[in-house]
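Colleague: Handing you a structure now.
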Ligand SMILES: C[S@@+](CC[C@H](N)C(=O)[O-])C[C@H]1O[C@@H](n2cnc3c(N)ncnc32)[C@H](O)[C@@H]1O
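Residue numbers (my numbering): 2 to 265.
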C-alpha cells in the first residue's frame with residue numbers, strides 16, 4: 002500500500018493544536034472513549050492496542066483498567082497528534098507508534114488482548130488492509146472495538162436491494178467497507194475480513210452549539226469539501242453560521258459501537 006489510509010488533514014499541526022483545545026473545552030471524545038473502554042471489559046495486565054490514539058484521550062481511559070502490569074501501544078499516523086499525546090501521557094507502560102493503521106502488523110508484536118479504535122474507523126480509506134493488519138496482531142481470543150456515528154452508520158438492517166444502483170453501493174460496503182454501513186453490511190464486511198461481529202451498542206449524546214462551533218474549527222472537520230474551500234474561507238463561513246444560528250440549540254448524536262472477534 003503506497004497511498005496512506007488516512008485523511009491528510011490529520012497530519013496538520015493546526016489540527017492537533019485545535020484538537021487539544023477541543024478536548025479541553027468539550028467532553029465529546031472523553032464520553033466516547035469511556036463508553037468504548039466500558040464495553041471492552043478490560044482486565045489488569047492486558048495488552049491493548051489503541052488505533053488512531055490521537056492526543057491520547059482513549060489511552061487515558063484504558064490505563065486505570067489494565068493497571069501497571071498491562072500496557073498500551075498507542076498508534077497514530079499523525080506526528081503532530083502523537084506529539085501532543087506524548088506531552089499528555091507519561092505512563093511508562095505506554096508505547097507510542099507513528100504508523101498507518103494499515104501497517105500496524107509491521108510495528109506491533111502480537112498478540113494484543115484488545116484493540117480499541119475510537120472515532121476513526123469509518124475514516125480509514127483502506128479498511129480491508131486495516132482489518133487484515135489488526136487481525137494479524139489480535140489474540141485469537143481477543144476483541145476489536147470500534148464505533149461510527151450517523152450518517153456514516155445507518156442504524157437499520159437494510160436488506161439487499163433489487164436495484165442495480167443501490168446494490169452496487171451495498172456490495173461496495175459489504176466487500177470493501179466503502180460508503181455508509183448499515184447493520185447488515187457491517188456484519189458481512191467484518192466476516193469478509195475474518196472477524197465475527199459479536200455485539201453492537203447504541204450510544205446517544207448531545208452536542209451544543211458551542212461544541213459544533215469548536216468542532217468545525219478543526220481543519221480536518223471541513224476538509225471533505227470537494228472542490229475544497231481554503232481554511233480562512235471555511236472559518237469565515239463558520240463565524241457567519243454561528244451568528245445566524247440558534248444559540249441554545251442541542252443536537253442528538255447517535256453512535257454505534259461494534260465488538261468483534263477474529264474468526265479462528
Ligand atoms: C478523531 S481522532 C480520535 C483520537 C482518539 N482515539 C480520541 O478518542 O480522542 C482520529 C485519529 O485517528 C488518526 N488516524 C486517522 N487515520 C489513520 C490511519 N490510517 N492510521 C492511523 N491513525 C489514523 C488521526 O491522526 C487522529 O489522531
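Even for Gly, the Cβ is constructed at its ideal location relative to N, Cα and C.
Here the structure is a predicted model, which means the values were calculated and not measured.
#1: Ligand 1 and residue 82: does any heavy atom of the ligand fall closer than 6 Å to the residue's C-beta?
#2: Considering only their Cβ atoms, is the gap separating residue 150 from residue 31 smaller than 7 Å?
#3: Taking only the alpha-carbon atoms, compute the straight-line gap between residue 116 and residue 49 and give it to the nearest angstrom.
#4: Which residues bound the beta strand (DSSP E) around residue 141?
#5: Do residue 11 and residue 91 have their C-beta atoms closer together than 7 Å?
#6: Checking the sheet assignment: what are the DSSP bridge partners for residue 155?
#7: Would you decide whether residue 241 is buried or exposed? Buried here means 16 or more other CB atoms lie within 10 Å of its CB.
#8: What is the DSSP secondary structure of residue 108, counted as helix, strand or coil?
#9: Taking the straight line between their C-alpha atoms, what separation do you get for residue 214 and residue 243?
#10: Please list, in chain order, all residues of the same chain as residue 40 whose beta carbon is under 7 Å from its beta carbon, the five residues on each side excluded.
#11: Determine the contact status of residue 178 and residue 170, defining contact as a CB-CB distance below 7 Å.
#12: What first and last residue would you give for the alpha helix (DSSP H) that runs through residue 1?
#13: For residue 202, which beta-bridge partners are listed by DSSP?
#14: Below 8 Å, can you find three or more Cβ-Cβ pairs linking the region 133–143 to the region 100–117?
#15: Cβ of residue 249 within 6 Å of any heavy atom in ligand 1?
#16: Consult DSSP for residue 223 and reduce its assignment to one of helix, strand or coil.
#17: Could you check the C-alpha separation between residue 207 and residue 173 for me, to the nearest Å?
#18: Considering only residues of the same chain and omitting the five flanking positions on each side of residue 129, which have a CB-CB separation below 7 Å?
#19: Of the residues 18, 6, 9, which one's Cα is nearest the Cα of residue 219?
#20: Within the present structure, is the beta-carbon of residue 256 separated from the nearest heavy atom of ligand 2 by less than 6 Å?
Modeller: Walking through what the data contain:
#1: Along the chain shown, read from residue 1 onward, the residue named residue 82 stands at position 81. Residue 82: yes, Cβ under 6 Å from ligand 1.
#2: Your numbering for residue 31 matches position 30 in the chain shown. Your numbering for residue 150 matches position 149 in the chain shown. Between residue 31 and residue 150, the C-beta gap is not smaller than 7 Å, which leaves the two residues out of contact.
#3: Your numbering for residue 116 matches position 115 in the chain shown. Your numbering for residue 49 matches position 48 in the chain shown. Each residue's alpha carbon lies about 6 Å from the other.
#4: Within the chain shown, numbered from 1, the residue matching residue 141 stands at position 140. Following the DSSP letters along the chain, one finds residue 141 inside the beta strand (DSSP E) bounded by residues 139–150.
#5: Along the chain shown, read from residue 1 onward, the residue named residue 11 stands at position 10. Along the chain shown, read from residue 1 onward, the residue named residue 91 stands at position 90. No, the Cβ-Cβ distance between residue 11 and residue 91 is not below 7 Å.
#6: Translated into the one-based positions of the chain shown, residue 155 becomes position 154. Paired residues: 183.
#7: One-based indexing of the chain shown puts residue 241 at position 240. Under the 10 Å beta carbon count, residue 241 is surrounded by fewer than 16 other beta carbons and is classified as exposed.
#8: Numbered from its first residue, the chain shown carries residue 108 at position 107. In the structure shown, the three-state DSSP call for residue 108 is coil.
#9: As a first step, residue 214 is located in the chain shown; it is residue number 213 there, counting from the start. As a first step, residue 243 is located in the chain shown; it is residue number 242 there, counting from the start. Between the alpha carbons of residue 214 and residue 243 lies a gap of roughly 7 Å.
#10: Here residue 40 corresponds to residue number 39 of the chain shown, with the count starting at 1. Once the five neighbours on either side are set aside, the close Cβ partners of residue 40 are 146, 202, 258, 260.
#11: Start at 1 with the first residue of the chain shown, and residue 178 comes out as number 177. Start at 1 with the first residue of the chain shown, and residue 170 comes out as number 169. In this structure, residue 178 keeps its C-beta atom at 7 Å or more from the C-beta atom of residue 170.
#12: The structure shown does not extend to residue 1, since the chain is modelled only from 2 to 265, so the question has no answer here.
#13: As a position in the chain shown, residue 202 is number 201, starting the count at 1. By DSSP's assignment, residue 202 forms a beta bridge with 258.
#14: Yes: at least three Cβ pairs fall under 8 Å.
#15: By one-based count along the chain shown, residue 249 stands at place 248. Shortest gap from the CB of residue 249 to any heavy atom of ligand 1: 6 Å or more.
#16: As a first step, residue 223 is located in the chain shown; it is residue number 222 there, counting from the start. Helix, per DSSP.
#17: What you label residue 207 is simply residue 206 of the chain shown in a count that begins at 1. What you label residue 173 is simply residue 172 of the chain shown in a count that begins at 1. Going from the Cα of residue 207 to the Cα of residue 173 covers about 31 Å.
#18: As a first step, residue 129 must be located in the chain shown, where it is residue number 128. When the five nearest sequence neighbours on each side are left out, the beta carbons in the same chain lying within less than 7 Å of the beta carbon of residue 129 are those of 177, 178, 194, in order along the chain.
#19: Stepping through the chain shown from its first residue, residue 219 is reached at position 218. Checking every option, the nearest Cα to that of residue 219 belongs to 18.
#20: As for ligand 2, it is missing from this structure, which binds only ligand 1.
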